[in-house]
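Enquirer: Let me give you the structure first, and then I'll get to my questions.
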Amino acid sequence: MPRGIGKLTTLETLSMFVVDKDGSHGGADLSELSGLNNLRGELTIKNLGFVKNAKEKFRAANLKEKQHLRLLVLEWSSDNEDDDKSLEDLQPHPNLKMLKVDGWKGDAKFPSWLSSLTNLVLISINSSSKFQHLPSFAQFPCLQELVISNLTELEYMEDNGPHGSQGKVESFFPSLTYLELNNCPNLKSWWRKRPVYDDSNEGDTKVVGASTMAFPCLSYLCIEDCPLTSMPLYPSLDKELNLVNTSSRPLKQTLEMNITSMSPSTSTPSLPLSKLKSFHVENIEELDAHKLDEYLQHFTSLKTLTIRDCKELDLEGMQWEALKNLSHLEIDNIPQLVSLPLGLQHLFQLKTLEIKNCNGLRSLFPVFQHLTFLEEFSIWNCKELELSAIDIQIFQNYTSLRSLWLLNIPKCRQLPEWLQFLTNLRTLYLMDLPNLTSLPDEMRCLTGLKELYIREIPQLKERCRKDIGADCVIQVG
Numbered sequence: 116m117p118r119g120i121g122k123l124t125t126l127e128t129l130s131m132f133v134v135d136k137d138g139s140h141g142g143a144d145l146s147e148l149s150g151l152n153n154l155r156g157e158l159t160i161k162n163l164g165f166v167k168n169a170k171e172k173f174r175a176a177n178l179k180e181k182q183h184l185r186l187l188v189l190e191w192s193s194d195n196e197d198d199d200k201s202l203e204d205l206q207p208h209p210n211l212k213m214l215k216v217d218g219w220k221g222d223a224k225f226p227s228w229l230s231s232l233t234n235l236v237l238i239s240i241n242s243s244s245k246f247q248h249l250p251s252f253a254q255f256p257c258l259q260e261l262v263i264s265n266l267t268e269l270e271y272m273e274d275n276g277p278h279g280s281q282g283k284v285e286s287f288f289p290s291l292t293y294l295e296l297n298n299c300p301n302l303k304s305w306w307r308k309r310p311v312y313d314d315s316n317e318g319d320t321k322v323v324g325a326s327t328m329a330f331p332c333l334s335y336l337c338i339e340d341c342p343l344t345s346m347p348l349y350p351s352l353d354k355e356l357n358l359v360n361t362s363s364r365p366l367k368q369t370l371e372m373n374i375t376s377m378s379p380s381t382s383t384p385s386l387p388l389s390k391l392k393s394f395h396v397e398n399i400e401e402l403d404a405h406k407l408d409e410y411l412q413h414f415t416s417l418k419t420l421t422i423r424d425c426k427e428l429d430l431e432g433m434q435w436e437a438l439k440n441l442s443h444l445e446i447d448n449i450p451q452l453v454s455l456p457l458g459l460q461h462l463f464q465l466k467t468l469e470i471k472n473c474n475g476l477r478s479l480f481p482v483f484q485h486l487t488f489l490e491e492f493s494i495w496n497c498k499e500l501e502l503s504a505i506d507i508q509i510f511q512n513y514t515s516l517r518s519l520w521l522l523n524i525p526k527c528r529q530l531p532e533w534l535q536f537l538t539n540l541r542t543l544y545l546m547d548l549p550n551l552t553s554l555p556d557e558m559r560c561l562t563g564l565k566e567l568y569i570r571e572i573p574q575l576k577e578r579c580r581k582d583i584g585a586d587c588v589i590q591v592g
């Protein structure tokens, strides 16, 4: 930053202030922010880890007098190893609406001023600090978004566990709509004092002697690489649920809860998660077909479903009829998948189907012939899949498909003859098909084709070599 910027005392917009790494450029230091109290909107301060005499300079920045700021971003450089700096002297004005802290490696406790920021609607902490717990974010009545990432030592979010009478549902975080928890490998419980579960029946998830805490407004939830087995429940979730390398116990609890006890004024309450639009489940060890099937029966409004890296999951025999609104399905790295589940033929709203890394998959049939409503179909890295050897006449009415992607299918020696019936196909992507030797004459029937991509198909490339190849009309990259 140019030296002397602090003299611009009427300045209203300064979106970024960058601290010199070693001070050799003669730039401004943080003290030049002292008199810029008319700043509005957003202020990002970068490279805070390089500040010398941090306590003095942080206080000199005078952030607590900048009452018009709405968003404050405090960033530490990723290559700075100085972990002695405290946030205590970077106190902002109580009017602040959004606070983001990125890369902080400082002391093991949050600054005392955090509790004074009662107007916050967003808190984002991406840090490698050593603290094991967080301040009670539930005390912020206006908080709508909370993002916690890379707190590798974090063990719990709240000091006190659920309280109240058993069976009662109590609201928690009254305004929170968005919650994201990423890469907190020691975060096993939301509370320091973990709830005691009734284990008299195998798999029981009922809490003994305590009320059930629940987010009343939560719409989006992402939990990734956090082994959370107990947390507030989320029956109102209606946008997106992402569960990656975590426990499914809170999900089971949520589906079993009595939602009427949470909102008794509602005459016709909806079932938990019945309004959810998107569900992504990945690498959940205890997830089997029975549990997943049980969960999906509740998701009657679901439009997007991704099932990934569930090694023991067998999708055959599941009941898919409840997903009557599903339009996008992705199945990725499910080794037990040998053929498409029969129940998929009941998904009449399904428009996009993606299948990736399913090396046990041998055939798309007989189910694929019933998916005449598909508009986009992608299949990637399925080493045992055979595409041809099927009665092509079943595809005569298969005219809705617009996009077809075939990638890394070693057993694909020729493109299936049923391609000729895809008369509305607009995009055809062929990549890494090592045994494909030629394109069929039936491709001439694809009169609506606008985009044809051919990559990493060595035998086909040789046939298309300019001037000397058998099919030199087509240029292959």
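If you want this note's numbering, it's the position in the sequence shown, counting the first as 1, plus 115.
The beta carbon of each residue, even a glycine, is placed where N, CA and C say it ideally should be.
On a predicted model such as this, the values are computed, not experimentally measured, just so you know.
To the nearest angstrom, how far is the alpha carbon of residue 261 from that of residue 169?
Expert: Distance between the alpha carbons of residue 261 and residue 169: 28 angstroms.
Enquirer: Buried or exposed: where does residue 538 fall if 16 or more other Cβ atoms within 10 Å of its Cβ makes it buried?
Expert: Residue 538 should be labelled exposed.
Enquirer: Going by beta carbon distance, what residues of the same chain come within less than 8 angstroms of residue 158, once the five residues before and after it are set aside?
Expert: Only 129, 130, 131, 132, 181, 184, 186, 187, 188 meet the Cβ criterion.
Enquirer: Can you tell which of 267, 332, 248 has its C-alpha closest to the C-alpha of residue 287?
Expert: Comparing Cα positions, the closest option is 332.
Enquirer: Our contact map puts residue 361 next to residue 342 with C-beta atoms below 8 angstroms; I'd like the distance itself, whole angstroms only.
Expert: At roughly 6 angstroms, the Cβ-Cβ gap stays under 8 angstroms, so residue 361 and residue 342 are in contact.
Enquirer: Would you decide whether residue 573 is buried or exposed? Buried here means 16 or more other CB atoms lie within 10 Å of its CB.
Expert: Classification of residue 573: exposed, given that the 10 Å Cβ count is below 16.
Enquirer: Once DSSP output is grouped into helix, strand and coil, what is the label at residue 322?
Expert: Its pLDDT being 48, under 50, residue 322 is placed unreliably by the model, and the measurement read from it follows with that caveat. The answer is strand: DSSP assigns residue 322 an E or B state.
Enquirer: Just the C-alpha distance for residue 568 and residue 547, rounded to the nearest angstrom, thanks.
Expert: Taking the straight line joining both Cα atoms gives about 11 angstroms.
Enquirer: According to the neighbour-count rule (16 or more other Cβ atoms, all chains shown, within 10 Å of its Cβ), is residue 315 buried or exposed?
Expert: Bear in mind that the predicted position of residue 315 carries a pLDDT of just 47, short of 50, making it unreliable; the figure below should be weighed with that in mind. By the neighbour-count rule (16 or more Cβ atoms within 10 Å), residue 315 is not buried but exposed.
Enquirer: DSSP beta-bridge partners for residue 437?
Expert: Its beta-bridge partners do not exist; DSSP assigns none.
Enquirer: So, are the CB atoms of residue 461 and residue 431 less than 8 angstroms apart?
Expert: Not closer than 8 angstroms, so no.
Enquirer: In whole angstroms, what separates the C-alpha of residue 67 from that of residue 135?
Expert: The structure shown does not extend to residue 67, since the chain spans only 116 to 592, so no value can be given for it.
Enquirer: Among 502, 479, 517, which residue has its Cα nearest to the Cα of residue 489?
Expert: Answer by Cα proximity: 517.
Enquirer: Helix, strand or coil for residue 446, going by three-state DSSP, please let me know.
Expert: Reduced to three states, the DSSP call for residue 446 is strand.
Enquirer: Which whole-angstrom value is the C-beta distance of residue 175 and residue 145, which I expect to be below 8 angstroms?
Expert: Sure, about 6 angstroms apart at Cβ, within 8 angstroms.
Enquirer: With respect to the beta strand (DSSP E) encompassing residue 492, which residues constitute its N-terminal and C-terminal limits?
Expert: Taken as a continuous stretch (DSSP letters only), the beta strand (DSSP E) holding residue 492 covers 491-495.
Enquirer: Near residue 234, which residues of its chain fall below 8 angstroms by C-beta distance, leaving aside the five closest residues on each side in sequence?
Expert: Only 209, 210, 211, 212, 257 meet the Cβ criterion.
Enquirer: Would you mind working out which of 231, 245, 249 sits nearest residue 239, comparing C-alpha positions?
Expert: With distances taken between Cα atoms, residue 239 lies closest to 249.
Enquirer: Specify the secondary structure class of residue 562 as computed by DSSP and reduced to three states.
Expert: The answer is coil: DSSP assigns residue 562 none of H, G, I, E or B.
Enquirer: Using 10 angstroms around the beta-carbon of residue 289, count the other beta-carbons present and answer buried if the total reaches 16, otherwise exposed.
Expert: Exposed, because fewer than 16 other Cβ atoms sit within 10 Å of the Cβ of residue 289.
Enquirer: Quick one: what's residue 56 bridged to in DSSP?
Expert: Any question about residue 56 goes unanswered here, given that the chain covers just 116 to 592.
Enquirer: Under DSSP, the beta strand (DSSP E) around residue 339 begins and ends at which residues?
Expert: Element bounds for residue 339: 335-339.
Enquirer: Under a three-way DSSP split, which group does residue 413 fall into?
Expert: Note: residue 413 maps to coil in three-state DSSP.
Enquirer: Take residue 676 and list the residues in its own chain whose beta-carbon comes closer than 6 angstroms to its own, dropping the five residues that flank it on each side.
Expert: Any answer about residue 676 is impossible in this case: the structure gives the chain only from 116 up to 592.
Enquirer: Spatial neighbours of residue 441 within its chain, please: C-beta separation below 7 angstroms, excluding the five flanking residues on both sides.
Expert: Cβ within range, chain order: 417, 418, 420, 462, 464, 465.
Enquirer: Are residue 531 and residue 549 touching if we call contact CB-CB under 8 angstroms?
Expert: For residue 531 and residue 549, no; Cβs fall outside 8 angstroms.
Enquirer: Output the boundary residues of the alpha helix (DSSP H) element that contains residue 329.
Expert: Segment 327-329 is the beta strand (DSSP E) holding residue 329; no alpha helix (DSSP H) there.
Enquirer: Using a 10 Å radius around the Cβ and a threshold of 16 neighbouring Cβ atoms, would you call residue 254 buried or exposed?
Expert: Under this definition residue 254 is an exposed residue.
Enquirer: Nearest to residue 214 by alpha carbon, out of 535, 263, 401?
Expert: That would be 263, whose Cα lies nearest to the Cα of residue 214.
Enquirer: Taking only the alpha-carbon atoms, compute the straight-line gap between residue 270 and residue 481 and give it to the nearest angstrom.
Expert: Their Cα atoms are separated by approximately 49 angstroms.
Enquirer: Distance check for residue 163 and residue 173, CA to CA, integer angstroms please.
Expert: Taking the straight line from one Cα to the other gives about 9 angstroms.
Enquirer: Excluding five sequence neighbours on each side, which residues of the same chain lie with their C-beta closer than 8 angstroms to the C-beta of residue 265?
Expert: The answer, listed in chain order, is 241, 242, 243, 297, 298, 299.
Enquirer: In this structure, how does DSSP classify residue 156 when only helix, strand and coil are distinguished?
Expert: DSSP places residue 156 in strand when its eight states are reduced to three.
Enquirer: Just to check my reading of the structure: residue 575 and residue 552 have Cβ atoms closer than 8 angstroms, yes? What is that Cβ distance to the nearest angstrom?
Expert: That pair is a contact at about 7 angstroms.
Enquirer: From the DSSP output, in three-state form, read off residue 418 for me.
Expert: Looking at residue 418 - three-state DSSP - the assignment turns out to be coil, as it is neither helix nor strand.
Enquirer: Nearest to residue 445 by CA position, among 558, 396, 308, is which residue?
Expert: Looking at the Cα atoms, 396 is the closest of the given residues.
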